[in-house]
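Here is the structure we will look at.
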Amino acid sequence: MTASPPTSRVMVLTGASSGIGRAIAHELARQGYRLVLAARRADELNRLARELDPSGSRVLAVPTDVTDDASRRALVEAARKHFGRVDVLVNNAGVTVERGWWWDDSDPLRVLRVNLESPIELTRLVLPEMRARGSGHIVNIGSVAGRVPFNGLYSASKFGLRGFSQALRRELLGTGIHVTLVSPGFVRSEMTRAARLPMPGPEVVAQAVGNVLERPRREVIVPRAYHLLVWLDAAFPGFGDRLVQPLLRRRYAHELRGARGEA
Ligand SMILES: NC(=O)c1ccc[n+]([C@@H]2O[C@H](COP(=O)([O-])OP(=O)(O)OC[C@H]3O[C@@H](n4cnc5c(N)ncnc54)[C@H](OP(=O)(O)O)[C@@H]3O)[C@@H](O)[C@H]2O)c1
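So for the sequence shown, the working numbering puts the first residue at 467; every next one is plus one.
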């Protein structure tokens with residue numbers, strides 16, 4: 467990232483209360499970062515902060531709803547008040563439409579608010595400080611679903627986040643501020659608890675985040691095997707249809723039975 471050692475860097479991490487965010491918090495605390503952990507579940511966050519740093523001097527838990535403007539501002543203010551600066555922002559908080567077709571959901575646009583609008587707004591809050599200092603790193607957690615269309619609203623949010631990340635990276639070239647998109651395939655977390663697929667743990671994503679902070683990259687896809695799926699879908703979208711269809715059939719099995727009038 468920057469020439470400064472990890473131990474002097476301050477990271478704001480959203481979605482730290484479970485899954486990939488929790489694993490990133492463990493990995494980056496191990497590397498010596500000072501952490502500001504954000505998510506809505508205060509108990510989970512406080513427990514994690516105590517686990518990572520019983521002294522309370524290097525890890526701060528700030529219960530936050532990233533879709534709420536006042537809450538986002540309070541998060542960044544808390545980071546500055548406690549640690550004096552923000553060197554790294556990791557936009558990891560994310561949701562999907564968990565069950566059923568997205569068009570039957572009463573509020574599918576929340577997926578865009580959490581996965582796309584919040585990273586943009588948080589970036590807007592930390593950029594002035596980073597630009598004034600001439601250093602910083604924004605890491606956005608995208609998805610292979612931002613390359614291979616899979617679920618309407620989720621893919622819309624992750625395609626959007628990918629476009630935002632890559633354009634912002636270009637806008638900031640030469641300023642000392644890096645922007646990286648980390649795009650995971652399926653990994654074990656609360657989000658994927660219903661998926662019956664072979665999946666690695668969230669640590670693979672945490673390690674990728676640790677690595678890009680040392681060696682900034684445009685985009686990293688993890689696990690690497692998903693490069694093949696991404697390439698196949700871009701080169702032969704019809705073949706991609708056939709690859710993705712079994713996953714969709716499994717996900718929507720219940721709805722498909724209902725549509726055919728089966729019990
Ligand atoms: N697991 C996968 O296979 C996979 C694959 C590709 C990409 N991803 C991406 O990885 C990221 C992390 O997901 P995960 O798999 O670790 O799922 P997860 O275990 O469900 O974690 C989601 C995190 O987002 C937080 N969050 C949700 N809504 C929020 C809000 N309004 N305000 C603040 N925090 C909020 C949750 O905390 P609270 O509920 O406490 O608020 C939780 O900490 C997401 O961006 C996801 O899209 C996951």
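For every residue, glycine included, the Cβ atom is placed at its ideal position computed from N, Cα and C.
query: Label A438 either buried or exposed according to how many other C-beta atoms from any shown protein chain fall within 10 Å of its C-beta, with 16 as the threshold for buried.; result: Here the chain comprises residues numbered 467 to 729, so residue 438 is not present and cannot be evaluated.
query: Report yes or no: do the stretch 667–676 and the stretch 481–495 share at least 3 C-beta pairs separated by less than 8 Å?; result: yes
query: Could you tell me if the beta carbon of V556 falls within a distance shorter than 7 Å of some heavy atom in ligand 1?; result: no
query: Is V552 helix, strand or coil by DSSP?; result: coil
query: Whose C-alpha, out of Y499, R500 and S484, is nearest the C-alpha of L511?; result: S484
query: Mind pulling the beta strand (DSSP E) runs of 3 or more residues that sit fully within the stretch 503–568?; result: 525–529 and 554–557
query: Taking Cβ positions, are V776 and L503 nearer each other than 8 Å?; result: Lying before the first or after the last residue shown, residue 776 is absent from the chain, which here runs from 467 to 729.
query: Pop quiz: I486 and V653 are said to be a contact at Cβ under 8 Å. What is the actual Cβ separation, rounded to whole angstroms?; result: 7 Å
query: Are there three or more Cβ pairs, one per stretch, closer than 8 Å when the stretch 577–587 is compared with the stretch 559–567?; result: yes
query: Excluding the 5 residues flanking D531 on each side, which residues of the same chain have their C-beta closer than 7 Å to its C-beta?; result: R506 and S537
query: Would L647 be called buried (16 or more neighbouring beta carbons within 10 Å of its own) or exposed?; result: buried
query: Ligand 1 heavy atoms versus the CB of D531: any closer than 7 Å?; result: yes
query: Residues bridged to E685 by DSSP?; result: L647
query: Is DSSP giving N617 helix, strand or coil here?; result: coil
query: Following a CB-centred definition, is I607 positioned closer than 7 Å to any heavy atom of ligand 1?; result: yes
query: Where does the unbroken beta strand (DSSP E) through V605 begin, and where does it stop?; result: G602 to I607
query: Could you give the distance in angstroms between the alpha-carbon of G706 and the alpha-carbon of P668?; result: 25 Å
query: For T480, list the residues DSSP reports as bridge partners.; result: A504
query: Roughly how many whole angstroms lie between the Cα atoms of T468 and E680?; result: With a pLDDT of 48 at T468, under the threshold of 50, the modelled position of that residue is not reliable, and no figure is offered here.
query: Assuming V542 and V592 are in contact, meaning their beta carbons sit under 8 Å apart, how far apart are those beta carbons, in whole angstroms?; result: 6 Å
query: Relative to the C-alpha of Y718, which candidate in L514, S572, R565 and V478 has its C-alpha closest?; result: R565
query: Under a three-way DSSP split, which group does G498 fall into?; result: coil
query: If you reduce the DSSP assignment to three classes, tell me which class P585 lands in.; result: helix
query: Which term fits L639, buried or exposed, when burial requires 16 or more other beta carbons within 10 angstroms of its beta carbon?; result: exposed
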